[in-house]
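Enquirer: Structure below; questions to follow.
In the UniProt record's numbering, the protein residues as written are 1 to 343.
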């Protein structure tokens, strides 16, 4: 989401209906001239709008752009979509897919920002980038399935969906909302937890997002994997991803993917770690965008009562989904879990 603001503010040429302005918003955001807070209308920060019941920050998204993505974007059969709920491993999977495409050669990952390699196509300028990129295209998205490009469902394009323990998603999002200016201040952790569990955050409910996309499991053009699996066995996960994509890598190429897609490698790569972001948009002085990259950090953040409340809502919301996730066994269940399904 962030990259398109940066890209827009650095642009000095036409970027839509009016040269020098970020198109699609009701109040135009000037993007030519100096990269500074003065370039951005104050109302664009921390202002949300609703599109079909889902909240989006106005600084990066527009109603018009979301309508175009849903109804007009033309998906190609060789497109590969990197789809996640926010803070679930989007940037990590983008890096993995970029490296698979380059046969493990990190050159492009080190010279081209990830938002150009795999644009978030629901953003105002990400849509423009996705349309102009040459095939085969890698496209990223946080959209729930009901807002996704309709043309995808009549195509042979592939979706890779990464899912993460929602407690870790929540903790990561809480820290991210404190440093990302387009988002509203999260307030106290208890307050933000209630908002998250109710789906009152950008991109809506984690539960609805996951249940919606998991409805495609079993389809030949849909692959899902967990953040936790990537952590536990990155090489084995990359091998599975390659099989899904029909991509064969030799041992040297596989080594290149695994080495350069590690958390440490990404954290040191300015094309992947968002260190290029201006401070008035992403203030990383107290917390970095790539913060810890671990599973289970929620245990250091949530109280027992908060965790139990989360578990209760999780069981209610995920009831009937005949599927097990790596984190399901970590929380005590008051009744037998549903019959597990495969990925």
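All residues carry an ideal CB built from backbone N, CA and C; glycine is no exception.
1) For residue 202, which residues does DSSP report across the bridge?
2) What residues in its chain sit with their C-beta under 8 angstroms from that of residue 224, if we drop five residues either side in the sequence?
3) If you run the structure through DSSP and keep just helix, strand and coil, what is residue 173?
4) Could you tell me whether the stretch 236 to 244 touches the stretch 71 to 87, using the rule of 3 or more Cβ pairs below 8 angstroms?
5) Can you round the beta-carbon distance between residue 63 and residue 48 to whole angstroms, since I take them to be within the 8 angstroms contact cut?
6) Just tell me which of 182, 211, 94, 172 has its CA closest to the CA of residue 141.
7) Terminal residues of the continuous beta strand (DSSP E) containing residue 257?
8) Ignore the nearest five residues each way along the sequence and tell me which others in residue 231's own chain have a CB closer than 7 angstroms to its CB.
9) Residues in the same chain with beta-carbon distance under 8 angstroms from residue 157, minus the five sequence neighbours each way, listed in chain order, please.
10) How do the stretch 101 to 112 and the stretch 249 to 257 stand: do at least 3 beta-carbon pairs fall below 8 angstroms, yes or no?
11) Does residue 167 pass the burial test, meaning 16 or more other C-beta atoms within 10 Å, or should it be called exposed?
12) By DSSP, does residue 82 sit in helix, in strand, or in coil?
13) Thinking C-beta only, is residue 193 closer than 8 angstroms to residue 170?
14) In three-state DSSP terms, what is residue 225?
15) Measuring only the C-alpha atoms, how far is residue 172 from residue 61?
16) Assess contact between the stretch 109 to 123 and the stretch 177 to 187, defined as three or more Cβ pairs (one per stretch) separated by less than 8 angstroms. Is contact present?
17) Can you say whether residue 153 is buried or exposed, counting buried as having 16 or more other CB atoms within 10 angstroms of its CB?
18) Just reading off the alpha helix (DSSP H) that residue 100 is part of, what are its end residues?
19) From this set, 111, 69, 181, which residue's C-alpha is nearest residue 126's C-alpha?
20) I'd like the list of long-range same chain contacts for residue 137, defined as Cβ closer than 6 angstroms, with 5 residues on each side in sequence excluded.
21) Quick one: is residue 72 buried, meaning 16 or more other Cβ sit within 10 Å of its Cβ, or exposed?
22) Just grab the DSSP bridge partners of residue 158 for me.
23) Any idea which residues DSSP pairs residue 120 with across the strands?
24) Less than 8 angstroms between C-beta atoms, sequence neighbours within five positions excluded: which residues of the same chain meet that for residue 198?
25) I'd like the list of long-range same chain contacts for residue 306, defined as Cβ closer than 8 angstroms, with 5 residues on each side in sequence excluded.
26) Within this structure, are the beta carbons of residue 242 and residue 234 separated by less than 8 angstroms?
27) Please name the residue in 96, 269, 323 whose C-alpha comes closest to that of residue 247.
28) What span of residues does the alpha helix (DSSP H) with residue 241 cover, start to end?
29) So which of 302, 266, 129 has the shortest CA-CA distance to residue 92?
Expert: So, to answer that:
1) 55
2) 160, 161, 162, 163, 213, 214, 217, 343
3) helix
4) no
5) Not really, about 12 angstroms apart at Cβ, beyond 8 angstroms.
6) 94
7) Residue 257 -> not in any beta strand (DSSP E); alpha helix (DSSP H) instead, spanning 251 to 260.
8) 295
9) 75, 76, 77, 78, 79, 80, 81, 221
10) yes
11) buried
12) strand
13) yes
14) strand
15) 22 angstroms
16) no
17) exposed
18) 90 to 101
19) 69
20) 79
21) exposed
22) 80
23) 140
24) 205
25) 189, 190, 193
26) no
27) 96
28) 234 to 245
29) 266
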